[in-house]
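A.B. asks: Residue numbers (full-length UniProt numbering): 1 to 252.
Cβ atoms here follow ideal geometry from the backbone N, Cα and C, with glycine treated the same way.
Take this structure first; my questions come after.
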Amino acid sequence: MGRKGSRYTLEEKLFYIGLVREGGWAPWAVQREYGVRHNQVRQWLERFEATGVDGLKPRSVHQKYAEEFKLEIVQKYLAGHTSYSVLAREYGIPDNSVIVRWVSLYTSGQPLQTTGRARPMKDGRNTTQIEHIEIAQWTIANDYNYGAAMQQFKISYGQVYAWVKKFKQGGESALEDRRGKAKKDNGQLTEIERLKLENKRLQARLAHVSTEAAVLKNSRNWKEGMPVRRTISDHSTTCTRSEPRRRQVLRY
Numbered sequence: 001m002g003r004k005g006s007r008y009t010l011e012e013k014l015f016y017i018g019l020v021r022e023g024g025w026a027p028w029a030v031q032r033e034y035g036v037r038h039n040q041v042r043q044w045l046e047r048f049e050a051t052g053v054d055g056l057k058p059r060s061v062h063q064k065y066a067e068e069f070k071l072e073i074v075q076k077y078l079a080g081h082t083s084y085s086v087l088a089r090e091y092g093i094p095d096n097s098v099i100v101r102w103v104s105l106y107t108s109g110q111p112l113q114t115t116g117r118a119r120p121m122k123d124g125r126n127t128t129q130i131e132h133i134e135i136a137q138w139t140i141a142n143d144y145n146y147g148a149a150m151q152q153f154k155i156s157y158g159q160v161y162a163w164v165k166k167f168k169q170g171g172e173s174a175l176e177d178r179r180g181k182a183k184k185d186n187g188q189l190t191e192i193e194r195l196k197l198e199n200k201r202l203q204a205r206l207a208h209v210s211t212e213a214a215v216l217k218n219s220r221n222w223k224e225g226m227p228v229r230r231t232i233s234d235h236s237t238t239c240t241r242s243e244p245r246r247r248q249v250l251r252y
């Protein structure tokens, strides 16, 4: 039986993630070979895809969420066409069981009360057009990791999702806030602003690729440092090959 998730080191988690992402292993195969529960491996994968290496580190305190935030996620799940794991990735929630508990409370008629310090993610914050473009480009460069974008820029899921969608459909001009502006103000970015945004986009993509490369390197290093595990079939093959030699010795 495998250990609890919190009892695995960061290097171990990266190793098992590397087996699945780079080695093509299925979570069930990891469980058979190393004794790690397949659902635990899947959870690590989801955390890593949502928030990177930071999502695999031990948490000293429990995250607190506002009642409105919980209700938004529960209603989205009950509306269908999604799953606990997908919602956890989209909203940056590290454990699927958190959403399972909220849905259970809501469907049984119990309140989704805010406990401790609430997490202000419902309304996000005020932003400029340049920030909209930067955040949309950053999210796309990081393979549409909405949960990571929420944490990186301190915005709501609704904001980042809408900006990415508009940017893909209409480019920079689609992200302009036209409220209260004169028609002659076309909101076009200067060449310097465009260059700065492009530089930030390239930096975001480079950081994302570098993180994936580091994970692959760590998983390989960890794998090389682990003892080779002999299987029953390996043992049987060795015994079969040794049998003629043993018989020859007995004749003498």
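Taking the alpha carbon of residue 196 as the reference point, which residue from 134, 153, 161 has its own alpha carbon closest?
C.D. replies: Ranking 134, 153, 161 by Cα distance to residue 196 puts 134 first.
A.B. asks: What's the gap between the Cα of residue 44 and the Cα of residue 17?
C.D. replies: One C-alpha to the other measures close to 7 Å.
A.B. asks: Output the distance between the C-alpha atoms of residue 79 and residue 92, rounded to the nearest integer angstrom.
C.D. replies: Distance between the alpha carbons of residue 79 and residue 92: 20 Å.
A.B. asks: Would you mind listing the alpha helix (DSSP H) stretches within the region 4-87 that are 4+ residues and don't spill past its ends, in chain order?
C.D. replies: Runs of the alpha helix (DSSP H) inside the region 4-87: 10-21, 27-34, 38-51, 67-78.
A.B. asks: Three or more beta-carbon pairs under 8 Å between the region 127-143 and the region 86-106, yes or no?
C.D. replies: No contact exists between the region 127-143 and the region 86-106.
A.B. asks: Who are the near neighbours of residue 169 in its chain, counting only those whose CB is closer than 7 Å to its CB and skipping five residues on each side?
C.D. replies: So no residue of the chain qualifies.
A.B. asks: Which residue marks the beginning of the alpha helix (DSSP H) containing residue 130, and which one marks its end?
C.D. replies: Taken as a continuous stretch (DSSP letters only), the alpha helix (DSSP H) holding residue 130 covers 129-141.
A.B. asks: Let's see if you can read the secondary structure: which residues bound the alpha helix (DSSP H) around residue 105?
C.D. replies: Residue 105 -> alpha helix (DSSP H) spans 96-107.
A.B. asks: Have a look at 157, 9, 153, 71 and flag the residue whose alpha-carbon is nearest the alpha-carbon of residue 56.
C.D. replies: Among 157, 9, 153, 71, the Cα nearest to that of residue 56 belongs to 9.
A.B. asks: Cβ of residue 130 within 9 Å of Cβ of residue 198?
C.D. replies: In this structure, residue 198 does not lie closer than 9 Å to residue 130 by Cβ.
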